[in-house]
Amino acid sequence: MRKPLAAAFFALAIAGAGAAPATAAEAGPQGFGKAAEAGKVTSAVSDVVTSATDALSGLRGPSAKAVNFAGTVALSNCSGSVVRMPDSEDNDPALVMTNGHCLDGGMPGPGEVRVDQASSRTFGLLNSSGSRVATLRAAKLAYGTMTDTDVAFYQLTTTYGQIKSSYGINALTLNDAHPVAGTAISIPSGYWKRIYSCDIDGFAHTLKEGDWTFKDSVRYTSACNTIGGTSGSPVVDQATGKVVAINNTGNEDGERCTVNNPCEVDANGNVTVRKGINYAQQTYQIPACFGVDNKLDLSASGCTLPKP
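So for the sequence shown, our numbering puts the first residue at 6; every next one is plus one.
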């Protein structure tokens, strides 16, 4: 997984390029993934272009102009987005989605699920051009895990309607249907203010990374060469504008099933290593777990998220 902006002891992960944001680092998980790592960001910046519109392999192209930064957020160590379920209402408390490995309380261990934990974490809300227009604040961590998937949801102190009326920004909607191979996607990183574009190459039956295991992961084509800091970015279907996955990891060095080097394991146990290829976790199954008023209900029909 891409490391957060913290003094982690693994190498810089695969997620996001550009000028470092002004937000200060906070204690984050020491681990893996596409989060940004303090001490490595400065040296990395000199090797990348600093404009979100500059031409870089894997960045936004003509076919992806419809996808922008509106509704994305910058965390101190990762990326994220304000998201709503297909049935969410304007007066529901808004949700911010990011990776489980980006949690401010450190990475959840295998099998660990965190629910309804106090949090006052802040998020920088971006408009369509990538300018920061507001600071949003969490009321609590609603859900977070790195088991089967890599996702976290913070419930905010503001509603979707309040965000819309104050800043003119709509939340991104989670699609409740399984994505399809060949779909054109864009990955807007609020941390780096960069958009990566490519296609869904296929799906990994099981993705194993260190002690963590993810199921039915999205595999990108090589153009989405995300780097550290893009952890938690929404993966947006270019045709519909809906979120189909959450960006989280990639194989950096060609190692087999190690941290920052996930491997694919098929249904028969065969292992495949794809150096330089990046991955996301699907989100179609999540809307079934949130009910009226965006209340988490892990026992709801159709909800398959891991339970505590």
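Backbone N, C-alpha and C fix where the C-beta goes; we use that ideal spot for every residue, glycine too.
Cβ neighbours of T150 within its own chain (closer than 6 Å, five residues either side excluded): G105, P113, V118, P311. The distance from the Cβ of A143 to that of V88 is about 14 Å, inconsistent with a contact at the 8 Å cut-off. Classified as buried, K198 has 16 or more neighbouring CB atoms from the shown chains inside 10 Å of its CB.
Between I282 and Y225, the CB-CB gap stays under 8 Å. With a cutoff of 8 Å on beta-carbon distance, L212 and Y159 are scored as not near each other.
Listed in chain order, the beta strand (DSSP E) elements of length 3 or more contained wholly in the stretch 83 to 125 are 84 to 89, 98 to 103, 118 to 123. Around the C-beta of A40, 16 or more other C-beta atoms lie within 10 Å, and the residue is accordingly described as buried. Around the C-beta of V276, fewer than 16 other C-beta atoms lie within 10 Å, and the residue is accordingly described as exposed. Residue environment: K247 is assigned as buried (16 or more neighbouring CB atoms within 10 Å of its CB, all protein chains considered). By the neighbour-count definition (other C-beta atoms within 10 Å, threshold 16), S134 is an exposed residue. Under the three-state reduction of DSSP, D298 is assigned to helix. Inclusion of D221 and T188 in the CB contact set at 8 Å is not warranted, their separation being larger than that value.
For I200, there is no enclosing alpha helix (DSSP H); the residue is found in the beta strand (DSSP E) stretching over 199 to 214.
Nearest to Y148 by alpha-carbon distance, out of T164, D109, Q122, is Q122. According to the DSSP assignment, Y172 belongs to the alpha helix (DSSP H) that extends over 165 to 172.
Restricting attention to L130, D92, N265, V270, the CA atom closest to the CA of T178 is found in D92.
DSSP places Y225 inside the beta strand (DSSP E), whose first and last residues are 217 to 225. In this structure, I251 keeps its C-beta atom at 8 Å or more from the C-beta atom of P267. Its chain contains D302, A305 as the residues whose beta carbon lies nearer than 8 Å to that of G296, once the 5 sequence neighbours on both sides are disregarded; these appear in chain order. Distance from the CA atom of T245 to the CA atom of F128, rounded to whole angstroms, is 25 Å. Per DSSP, the continuous beta strand (DSSP E) segment holding A139 begins and ends at 137 to 150. Judged by their CB atoms, G307 and A293 are nearer to each other than the 8 Å cut-off. Around the CB of D206, 16 or more other CB atoms lie within 10 Å, so the residue is classed as buried. Taking the CA atoms as reference points, T231 sits about 11 Å from M6. Pairing N256 with K280 gives a Cβ-Cβ distance under 8 Å. By the beta-carbon neighbour count (other beta carbons within 10 angstroms, threshold 16), P193 is buried. Here S236 is buried: its Cβ has 16 or more other Cβ atoms, across all protein chains shown, within 10 Å.
By the CB criterion at 8 Å, L131 and L141 fall outside the cutoff. Between the alpha carbons of K300 and V120 lies a gap of roughly 11 Å. For the 8 Å CB-CB criterion, V185 and Y284 do not form a contact.
Comparing alpha carbon positions, the residue from G259, E214, H210, S227 closest to A272 is H210.
DSSP places I192 in the uninterrupted beta strand (DSSP E) bounded by 189 to 194.
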